[in-house]
Amino acid sequence: MSNEFQHNSDQLIIFDTTLRDGEQSPGASMTKDEKVRIAKALEKMRVDVIEAGFPIASPGDFESVKAVASVIKDSTVCGLARALEKDISRAGEALKPAASSRIHTFIATSPIHMKMKLRMQPDDVLAQAVDAVKMARGFTDNVEFSPEDAGRSELDFLCRIIEAVIDAGATTINIPDTVGYNIPHQFGELIRQLIERIPNSDRAVFSVHCHNDLGLAVGNSLAAVLNGARQVECTINGLGERAGNAALEEVVMAVRTRQDVFSCDTRLDTTQIVPCSKLVSGITGFPVQPNKAIVGANAFAHESGIHQDGILKSRETYEIMRAQDVGWSDNRMVLGKHSGRNAFRSRLQELNIELSSEQELNEAFSRFKDLADKKHEIFDEDLRALVADTSWAIENEHFKLISLKVCSETGETPNAQLVLEIGGEEVSASATGGGPVDASFRAIESVVNSDTQLQLYSVNNITSGTDAQGEVTVRLEKGGRIVSGQGADTDIVIASANAYINALNKLEKTVDREHPQLGDV
Ligand code: KIV
Ligand code: ZN
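Residue numbering for the sequence shown follows the numbering used here, beginning at 39 and increasing consecutively.
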C-alpha cells in the first residue's frame, strides 16, 4: 500500500490525473474498461495516487471511479468533487470499495473566478471550502483541497483559506496553475511563501497542478518541488484540458536524472513509462509527437553521423538517460507465423501486458495468427497494437464491420462496398469517394447517417516497412461531444473503416456529462 499519507520529505508523491484532467481533453473520453486498464498500468508503475474521475459528472463517471476503486490495491484512488455536499457524497460513495481513498475538493479563489464564475464574496468561498473539507473528512481521512486558479489568486487570501482548510482537516494542499499563466521562478516563489507564511503548513503536503498553456507546466512543477512541494499532479503524455497538464514522464525523469539538484525522488518504476504512454495514446487516439521528451519515437534516436559516432564510443556523450530505463525495448522480431500460443502468452507477459480473461487471450491469439499470415515479422509494437485492438472493442458494439471491398484504379473513381452489422442485423452499402478511405466512410455513412463531423483522420505506421500495420485514428464530433476511434491493420483502408466504426460505437455509448470547472456552486 502506498504510504503517501504519512509523508516523508524526501519522497515526491506522484498524483496522476490522466483519467480525470486528461479525460477533459476534447476527444479523450474513455470507457470504464479503458480506465481500468490505464489504472492498472499506473498501479504497476507505482504511481502513488490515481485520480480516477469526477463521480458526480455522470452515472458512467461514477461507475468508472467505483470500478477503479474496486481493482486498485497498491495506489490511493482519488475522486474529484466541487466544494458541494452532493459532489462530496457522490465521490465518497464511488470510493467506498477502495483499499485507500482520497477525496479532492476544490473551489476557485482568484478574483476573476470568484467574481465572474462563482459570483461569491471571498469570505463565503472560504466558509464553503471549510465546510467541504469537513464533510469530506466524514468519508476518508485523506482529503485534498485545491484553491482553483491559485496561480492568479491573491497571496493573502490564499494564506487565509489554506490555513482554514488545514485546520478543518485537509491533508494535502494542491496549488493549481489552472490557466498555465505562471513562470517558473515566480511559481516556485509562490510555493515557498505559502509554506513559510501559513502557520500550520507543516500539517499538510503541498502539491502543484500545472497547465501547459505557455509550455511551462513541467518547468513550473519542478520549480515548485525545489521550493518545498512534495506532490506533483501530472498526466501521461501531458494529456489534459487545452494544452494539457505537466507530463508525468518528464517530471519523474527530470527528478530522477538530476538527483544532484533535487532533494527528493519518486518511488516509480520508470521502466513502465513507455508501455503506459503507448497504452494511453492507443486508447485516447492522441498520438505522441516523435520529438516528445522521453516517450517520443525519436527521443533516443541518433540521426547525425557525429552523434552516432559519439554514442558508439561512449553512450554518455549524447545520452543522459538509458532508453531501457524508461521502458524502450529493442524493436526486434519476436514472433512469427509458426509461434504457438505459449510463446505468444509468454511474450505478452514479458511486455507486462495483462489480458483479463482466457477468452481475451484467445481472441488476441487468433488476431496474431491472422497478422502473421500477412506480415512476416511480428515486433513488440505489433503485439501492443494487437492487444490494444482487442481492448478497443466495445462491449455490445452497435456497429460492426463484416466485410469491405474497395476498388481503386487509375483514372476511375474509387468505390467501396461493405457489409455492416447494425444492432445485430446485416446491412449492405456502397459509395464512391475521392479516395478509397473517403469512399469507405461515405458507404458507412450512407446507412448510419450519424450526423457527425470528421475532425481528425490520421494514420501512423506501427513499425517500419511497407508490410507494417497502419494505426488509424478518427475523431468525430456531434453536438459538442467529441470521440476518437482507433483501428489497426496491415490494410490501412480496413484500419480506417474500423477506426470510424469504433468512433461511432463510442458515440453511442457516451452521454453528456458535467464539466467540473464550469460549475454550479
Ligand atoms: O486545473 C485545475 O485547477 C484543476 C482543479 C480541479 C484542480 O483541474
Ligand atoms: Zn487542471
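Using N, Cα and C, we set each Cβ at its ideal position, and we do this for glycine too. Being a predicted model, the structure only gives us computed values, none of them experimental.
Q. Quick one: does the C-beta of Ser184 sit closer than 6 angstroms to a heavy atom of ligand 1?
A. For the purposes of this step, residue 184 is taken as residue 146 along the sequence shown, with counting starting at 1. Flag set: Cβ of Ser184 near ligand 1.
Q) Where DSSP assigns a beta bridge to Asp303, which residues make up the other side? A) If you number the sequence shown from 1, residue 303 lands on position 265. Gln49.
Q) If we count Cβ pairs, one from each stretch, closer than 8 angstroms, do we get three or more for the stretch 527 to 539 versus the stretch 81 to 94? A) no
Q) To the nearest angstrom, how far is it from the Cα of Asp169 to the Cα of Ser352? A) Translated into positions along the sequence shown, residue 169 becomes position 131. Translated into positions along the sequence shown, residue 352 becomes position 314. Roughly 59 angstroms separates the two Cα atoms.
**Q.** Cβ-Cβ distance between Val106 and Ala137 below 7 angstroms
**A.** Working through the sequence shown from its first residue, we reach residue 106 at position 68. Working through the sequence shown from its first residue, we reach residue 137 at position 99. The answer is no: Cβ separation not under 7 angstroms.
Q: Could you please give the first and the last residue of the uninterrupted alpha helix (DSSP H) stretch that includes Phe479?
A: Within the sequence shown, numbered from 1, the residue matching residue 479 stands at position 441. Unbroken alpha helix (DSSP H) run through Phe479: Pro474 to Val486.
Q: Can you grab the Cα-Cα spacing for the pair Asp125 / Gly117, in whole Å?
A: Counted from its first residue, the sequence shown places residue 125 at position 87. Counted from its first residue, the sequence shown places residue 117 at position 79. Their backbone Cα atoms lie some 10 angstroms apart in a straight line.
Q.
According to DSSP, Gly91 sits in a beta bridge with which residue or residues?
A. Here residue 91 is taken as the residue at index 53 of the sequence shown, counted from 1. The partner list for Gly91 (beta bridge, DSSP) reads Gly117.
Q | Ala526 to Ala506 span [Cα, whole Å] | A | Indexing the sequence shown from 1 puts residue 526 at position 488. Indexing the sequence shown from 1 puts residue 506 at position 468. Answer to the nearest angstrom: the Cα atoms are 10 angstroms apart.
Q: Taking all protein chains shown into account, decide if Met154 is buried (16 or more other Cβ within 10 angstroms of its Cβ) or exposed.
A: In the sequence shown, the residue the question calls residue 154 occupies position 116. The residue in question, Met154, is exposed, as its Cβ has fewer than 16 Cβ neighbours within 10 Å.
(Q) Could you check whether Ala242 and Ala208 sit closer than 7 angstroms to each other, using their CB atoms as the reference points? (A) Start at 1 with the first residue of the sequence shown, and residue 208 comes out as number 170. Start at 1 with the first residue of the sequence shown, and residue 242 comes out as number 204. It is a contact, given that the beta carbons lie within the stated cut-off.
Q: Taking 8 angstroms as the threshold, find out whether the stretch 285 to 294 comes into contact with the stretch 218 to 227 through three or more Cβ pairs.
A: no
Q) Looking only at DSSP bridge pairs, what is Cys445 linked to? A) For this step, residue 445 is matched to residue 407 along the sequence shown. Paired residue(s): Asn453.
Q: Using three-state DSSP, classify Val217 as helix, strand or coil.
A: Walking along the sequence shown from the start, residue 217 turns up at place 179. In the structure shown, Val217 sits in coil (DSSP, three-state: anything other than H, G, I, E or B).
(Q) In this structure, how does DSSP classify Pro160 when only helix, strand and coil are distinguished? (A) Within the sequence shown, the letter at position 122 stands for residue 160. Helix at Pro160.
(Q) Is it the case that the stretch 135 to 149 contacts the stretch 174 to 191, given that we only count it when at least three CB pairs across the two stretches are under 8 angstroms? (A) yes
(Q) I need the straight-line Cα distance from Thr114 to Lys73, nearest angstrom please. (A) Locating residue 114 in the sequence shown gives position 76, counting from the first residue. Locating residue 73 in the sequence shown gives position 35, counting from the first residue. Each residue's Cα considered, the two are about 15 angstroms apart.
Q.
Distance check for Ser496 and Asn283, CA to CA, integer angstroms please.
A. Numbered from 1 along the sequence shown, position 245 holds the residue referred to as residue 283. Numbered from 1 along the sequence shown, position 458 holds the residue referred to as residue 496. Roughly 23 angstroms between the two C-alpha positions.
Q | Cβ distance (whole Å) where Thr56 is taken to contact Val318 below 8 angstroms | A | Looking up residue 56 in the sequence shown gives position 18. Looking up residue 318 in the sequence shown gives position 280. 6 angstroms between Cβ atoms; contact.
(Q) Below 6 angstroms, is the gap between the Cβ of Asp59 and the nearest heavy atom of ligand 1? (A) Position 21 of the sequence shown, counting from 1, holds the residue named residue 59. Checking every heavy atom of ligand 1 against the Cβ of Asp59, one is found closer than 6 angstroms.
Q: Check the C-beta distance from Cys248 over to Asn258 and give it rounded, since I have them as a contact under 8 angstroms.
A: The residue given as residue 248 occupies position 210 in the sequence shown. The residue given as residue 258 occupies position 220 in the sequence shown. Contact flag correct, Cβ pair sits at about 4 angstroms.
Q) What does a CB cutoff of less than 7 angstroms around Glu42 pick up in its chain, not counting 5 residues either side in sequence? A) Residue 42 sits at position 4 when you count from the first residue of the sequence shown. Only weak support is given to the placement of Glu42: the predicted model assigns it a pLDDT of 49, under 50, and the question is left unresolved by the model.
Q) Can you tell me whether Gly323 is buried or exposed, with buried defined as 16 or more other CB within 10 angstroms of its CB? A) The count along the sequence shown starts at 1 and reaches residue 323 at position 285. Flag for Gly323 reads buried.
Q. Is it right to say Arg379 is buried, meaning 16 or more other beta carbons lie within 10 angstroms of its own, or is it exposed?
A. Taking the sequence shown and counting its residues from 1, the one referred to as residue 379 is at position 341. Its Cβ having fewer than 16 others within 10 Å, Arg379 is exposed.
Q) So who's on the other strand from Phe244, going by DSSP bridges? A) Here residue 244 corresponds to residue number 206 of the sequence shown, with the count starting at 1. DSSP, once it has assigned bridges, lists Ile211 as partnering Phe244.
Q) Measuring CB to CB, does Thr490 end up less than 7 angstroms from Ser67? A) Indexing the sequence shown from 1 puts residue 490 at position 452. Indexing the sequence shown from 1 puts residue 67 at position 29. No, the Cβ-Cβ distance between Thr490 and Ser67 is not below 7 angstroms.
Q. Per DSSP, Gln507 is paired with what?
A. The residue given as residue 507 occupies position 469 in the sequence shown. Its beta-bridge partners do not exist; DSSP assigns none.
Q. Comparing alpha-carbon positions, which option in Ala469, His414 and Thr451 lies nearest Val485?
A. If you number the sequence shown from 1, residue 485 lands on position 447. Of the listed residues, the one whose Cα sits closest to Val485 is Ala469.
Q) Is His564 near ligand 1, in the sense that its beta carbon is under 6 angstroms from a heavy atom of that ligand? A) Limits of the chain in this structure are 39 at one end and 559 at the other, which puts residue 564 out of reach.
Q. Can you tell me the Cα-Cα spacing of Pro325 and Arg305, whole angstroms?
A. Sequence index remark: in the sequence shown, residue 325 carries index 287 (1-based). Sequence index remark: in the sequence shown, residue 305 carries index 267 (1-based). Approximately 27 angstroms between the Cα atoms of the pair.
Q) Is it a yes or a no for the stretch 472 to 484 touching the stretch 498 to 505, going by three-plus beta-carbon pairs under 8 angstroms? A) no
Q: Check the C-beta distance from Ile141 over to Ala119 and give it rounded, since I have them as a contact under 8 angstroms.
A: As a first step, residue 141 must be located in the sequence shown, where it is residue number 103. As a first step, residue 119 must be located in the sequence shown, where it is residue number 81. About 6 angstroms; that satisfies the 8 angstroms criterion.
Q: Tell me whether the beta-carbon of Phe92 lies closer than 7 angstroms to the beta-carbon of Arg58.
A: Walking along the sequence shown from the start, residue 92 turns up at place 54. Walking along the sequence shown from the start, residue 58 turns up at place 20. Yes; because the gap between Cβ atoms is below 7 angstroms, this pair is in contact.
Q: Give every residue of the same chain whose Cβ lies closer than 6 angstroms to the Cβ of Asn336, excluding the five residues on either side of it in the sequence, and list them in chain order.
A: The residue labelled residue 336 in the question sits at position 298 within the sequence shown. Contacts found: Pro328 and Asn329.
(Q) Taking 6 angstroms as the cut-off, is the beta-carbon of Pro214 closer than that to any non-hydrogen atom of ligand 1? (A) Within the sequence shown, the letter at position 176 stands for residue 214. Yes, ligand 1 has a heavy atom inside 6 angstroms of this Cβ.
Q. If you drop the 5 nearest sequence neighbours on each side, which residues of the same chain put their C-beta closer than 7 angstroms to that of Ser102?
A. Working through the sequence shown from its first residue, we reach residue 102 at position 64. Contacts found: Lys70, Lys73, Ala90 and Gly91.
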